[in-house]
Amino acid sequence: MGLTLAEKILSQRAGREVRAGELVVVEVDQVMVVDSIAGSFFKRLEQLGATPRYPEKVAIVIDHVAPAANVEVAKAQKEIREWGKRHGCRVFDVGRGICHQVLVEERLALPGGIVLGSDSHSTTYGGVACFGSGMGATDIALAAASGRTWLRVPESVKVTFRGRLNPAVSAKDAALEMVRVLTADGATYMSVEIHLEDGAESLTRSQRLTLANLSVEAGAKCGLVVPSGEILELYDVPGWLYPDPDAAYVREVEIDLSALTPRVSVPFYVDNVQTVDSVMGKKVDQVFVGTCTNGRLDDLHEVAEVLRGRRVAPGVRMLVIPASSQVLEEATADGTLLTILQAGATLGTPGCGPCMGRHQGVLAPGEVCVSTSNRNFKGRMGAADAEIYLASPRVAAASAVAGFITTPEALEREETHA
Amino acid sequence: MPRVWKFGDSINTDDILPGKYAPFMVGEDRFHTYAFAHLRPEFAQGFRPGDILVAGRNTGLGSSREYAPEALRKLGLRAIIAKSYARIFYRNLVNLGIMPFEAPEVVEVLNDGDEVELEFEQGVLRRGSETFRLTPPPAFLLEALQEGSILEYYRKYGKFPGEGTP
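For the protein sequence lines, the chains are A and B, in the order given. If you read the first sequence in numbering that gives the first Met the number 0, its first letter stands for residue 0, the second for the next number, and so on. If you read the second sequence in numbering that gives the first Met the number 0, its first letter stands for residue 0, the second for the next number, and so on.
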């Protein structure tokens with residue numbers, strides 16, 4: 000019996016063949032810490048009486064509340080800067096961007112590598128076939144202190160995407176469909192191994208990151224996209240970094256990209272996925288484009304395409320937050336941001352923004368937000384009864400213009416008939 | 000006597016500790032007072048050390064924020080009985096020394112407010128004259144828990160439970 004992609008990566012690192020169910024202790028390439036757990040991380044290291052074993056392998060990213068929202072946060076971020084300097088660890092400061100995007104841009108997450116992050120969406124690195132997994136402060140501190148972590152080699156669910164997305168559909172729709180099919184705990188403790196076939200190999204790095212990002216919403220330990228297409232051009236992909244054809248999977252799922260229609264995840268769970276048609280017309284108060292799921296350049300391009308020559312509806316706030324300073328620069332240079340701003344949207348500092356309800360776009364009671372992010376839990380973006388609908392950048396942009404949930408195609412039909 | 004606080008399926012880390020009440024937002028000394036602030040506002044006031052959390056499927060899904068279970072630990076939680084757990088949350092519980100029992104049948108029969116006694120080393124739960132057996136976590140995790148926490152274990156042995164030579 001062959002090995003899955005997760006088994007391949009962990010075997011390579013363990014220096015022996017390991018199988019699902021085994022416990023391994025492996026070296027990690029990079030430990031990623033975000034501002035919001037940095038304090039706990041420092042505290043745990045203190046409790047251990049340890050300092051980072053390999054300072055160059057520890058990166059702290061100030062992104063969850065950037066810039067600081069209050070004095071408590073400002074103090075915590077000051078400590079991060081001082082701590083980073085003292086221990087020789089990288090600190091990506093306010094404005095550099097969202098941890099996952101930054102680690103990919105900085106090439107700290109690479110094919111075949113292992114990156115542990117203090118953020119659950121560290122599965123994102125799987126978009127470039129890097130074993131990325133989220134853990135809490137204690138595990139992250141142990142990884143920093145030892146350079147290693149313990150892992151149970153996960154079973155794998157194989158998800159095969161076939162065909163090409165039609166122009167009205169995004170990788171986000173494919174990701175939401177995957178979560179719907181797997182359900183919120185359908186891949187708990189497992190690796191979601193994503194295969195792209197029959198044209199789907201053309202999905203870009205950005206689109207693959209979106210798929211891997213959402214895999215944690217099915218409970219996954221990691222979401223690994225088998226390397227192909229653009230990944231082979233951007234990276235030196237080692238020859239062993241492919242699953243064996245006779246690898247064993249717990250479950251196999253197929254999703255036809257060419258038959259997919261726009262999706263939306265309705266409150267209050269990510270796997271409450273429906274077609275946009277079923278919630279079309281729902282009035283929105285805020286639209287948020289950004290986050291580690293959909294704040295990249297191609298996402299902003301899709302938004303600009305919809306917004307060009309149109310205006311955000313009166314009474315609707317549209318907040319756009321590029322995922323990183325690099326995205327911000329590129330979207331400025333190519334005119335994308337001008338289009339977005341001319342439509343009446345507003346910008347935030349590269350970072351996580353209002354995704355977890357801490358600042359910059361918190362929702363009032365009863366408000367409705369269409370967001371390109373990855374979670375719509377009750378109270379996540381503010382008031383307990385505010386509603387978050389998760390959608391693609393295209394659907395988010397069209398909804399901002401209409402003032403209610405809609406697609407660019409439906410918007411255009413309506414405008415033509417008006 | 001310790002009481003049961005019963006929740007349903009899919010309680011997530013935003014339920015357990017909403018993001019806006021993270022320690023670095025509101026202070027280390029206060030954050031735990033916001034546990035379940037949206038879902039069950041009386042929780043933090045009413046929870047007594049030793050009380051037990053009982054929950055349904057996929058308990059703790061969502062964020063890796065360890066300060067969610069840490070808030071519960073600060074309130075005096077030592078054990079959770081659930082139908083199943085989300086992965087990161089499960090690791091965080093063990094790391095904080097909160098014993099995660101997985102016992103779907105027991106969850107079914109327990110009610111909110113039940114008075115119970117739990118001997119968690121043995122995994123024995125008593126309610127009046129009834130006794131329930133709970134399966135403890137895997138051996139290597141218990142090895143860590145027996146030292147108090149995985150941090151203590153690592154500090155003492157310089158390696159992880161189940162690991163050969165460091």
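Ideal Cβ placement from N, Cα and C applies to all residues, glycine included.
For arginine 80/A, same chain residues with a beta-carbon under 8 Å away, outside a window of 5 residues either side, are Val90 and Asp92 in chain order. Tryptophan 149/A and threonine 274/A have their C-alpha atoms spaced approximately 40 Å apart. Taking a beta-carbon distance threshold of 8 Å, lysine 5/B does not count as an interface residue toward chain A.
When secondary structure is reduced to three states using DSSP, leucine 117/B falls in the strand class. If you draw a straight line from the Cα of serine 10/A to the Cα of aspartate 243/A, it is about 13 Å long.
When the Cα atoms are used, threonine 58/B and alanine 395/A turn out to be separated by approximately 30 Å. Not flagged as an interface residue toward chain A: isoleucine 15/B, since no C-beta distance is shorter than 8 Å. By the C-beta criterion, the stretch 162-180 of chain A is judged not to be in contact with the stretch 30-47 of chain A, since fewer than 3 inter-stretch pairs fall below 8 Å. With contact defined as three or more Cβ pairs closer than 8 Å, the stretch 292-311 of chain A and the stretch 334-343 of chain A are in contact.
In this chain, the alpha helix (DSSP H) harbouring threonine 290/A covers 290-293. As computed with DSSP, aspartate 255/A is found in a beta bridge with Arg161/A. The residue from Tyr268/A, Val60/A and Tyr248/A with its alpha-carbon nearest to that of leucine 175/A is Tyr268/A. Within the same chain, Trp149 and Arg151 come within 7 Å of leucine 22/A by CB-CB distance, once the 5 residues on both sides are set aside.
Fewer than three pairs of CB atoms, one per stretch, sit closer than 8 Å, so the stretch 115-132 of chain A makes no contact with the stretch 362-371 of chain A. Between leucine 256/A and leucine 181/A, the CB-CB gap reaches or exceeds 8 Å.
The count of Cβ pairs closer than 8 Å, one atom from the stretch 216-234 of chain A and one from the stretch 121-137 of chain B, stays below three, leaving the stretches out of contact. Its chain contains Ala217 as the residues whose beta carbon lies nearer than 6 Å to that of glycine 185/A, once the 5 sequence neighbours on both sides are disregarded; these appear in chain order. With contacts defined as CB atoms closer than 8 Å, serine 324/A and glycine 96/A qualify as a contacting pair. Rounded to the nearest whole angstrom, the C-alpha separation of aspartate 235/A and valine 249/A is 30 Å. With respect to chain B, the C-beta atom of serine 214/A has no partner C-beta closer than 8 Å. DSSP places alanine 78/B inside the beta strand (DSSP E), whose first and last residues are 78-81. Ranked by Cα distance from histidine 358/A, the options Val191/A, Ala383/A and His63/A are led by His63/A. Around the Cβ of threonine 331/A, a 10 Å sphere holds fewer than 16 other Cβ atoms; the residue is exposed. The DSSP-derived three-state label of tyrosine 388/A is strand.
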